[in-house]
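Asks: My questions will all concern the structure given below.
Numbering (the working numbering), first residue to last: 238 to 365.
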């Protein structure tokens, strides 16, 4: 039997990337570098806070936990289908609430062939 991979959430604290105060000295002090081992089939989801903080009409956030559960449940899908599933669920959650932040996500599957033209252009997200 093959081992089942588990979700690992890396959510470092610190400053926003690109925030330039004090010539970047504070950013350099707070920068945390981590090395990860990667294997064929590993799936990485990189996203901005606009994804996890997408709000519904009552002000509830979509959340990292819900996002993680979705990724775990549908990780077997090809990347383009997984992306569409994530965006569809976030959109359904937000319903008619106005979007309050930019929403960007990047899916990276180690060992999966690159599909050209996979970018989505709509009001909900910028996906590469």
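Ideal placement from N, C-alpha and C gives every residue a C-beta, glycine not left out.
Please confirm if the stretch 299-306 is in contact with the stretch 259-266, defined as three or more CB-CB distances below 8 angstroms between the two stretches.
Replies: no
Asks: Just curious, the alpha helix (DSSP H) that residue 268 is in, first and last residue?
Replies: Numbered from its first residue, the chain shown carries residue 268 at position 31. Here residue 268 belongs to no alpha helix (DSSP H), and DSSP marks it neither H nor E.
Asks: Are the stretch 282-299 and the stretch 265-274 touching, with three or more C-beta to C-beta distances below 8 angstroms?
Replies: no
Asks: Going by beta carbon distance, what residues of the same chain come within less than 7 angstroms of residue 326, once the five residues before and after it are set aside?
Replies: Against the chain shown, residue 326 aligns to sequence position 89. If we look at residue 326 and ignore the five residues flanking it on each side, its Cβ neighbours are 307.
Asks: Give the straight-line distance between the Cα atoms of residue 328 and residue 290, rounded to the nearest whole angstrom.
Replies: Walking along the chain shown from the start, residue 328 turns up at place 91. Walking along the chain shown from the start, residue 290 turns up at place 53. Those two C-alpha atoms are separated by around 12 angstroms.
Asks: Three-state secondary structure (DSSP) at residue 245?
Replies: Position 8 of the chain shown, counted from the start, is the residue given in the question as residue 245. Here residue 245 sits in coil by DSSP.
Asks: Can you give me the Cβ contacts of residue 292 inside the same chain, cut-off strictly under 7 angstroms, excluding the 5 residues immediately before and after it?
Replies: For the purposes of this step, residue 292 is identified with residue 55 of the chain shown, where counting begins at 1. Contacts found: 298, 331, 334 and 337.
Asks: Please determine, among 264, 342, 309 and 313, the residue with the shortest C-alpha to C-alpha distance to residue 324.
Replies: Counted from its first residue, the chain shown places residue 324 at position 87. The candidate whose alpha carbon is nearest that of residue 324 is 342.
Asks: Restricting to runs no shorter than 3 residues, where is the beta strand (DSSP E) found entirely within the stretch 256-343?
Replies: 280-284
Asks: What do you reckon, are the CB atoms on residue 309 and residue 248 nearer than 9 angstroms?
Replies: Residue numbering aside, residue 309 sits at position 72 when the chain shown is read from its first letter. Residue numbering aside, residue 248 sits at position 11 when the chain shown is read from its first letter. It is not a contact, given that the beta carbons lie outside the stated cut-off.
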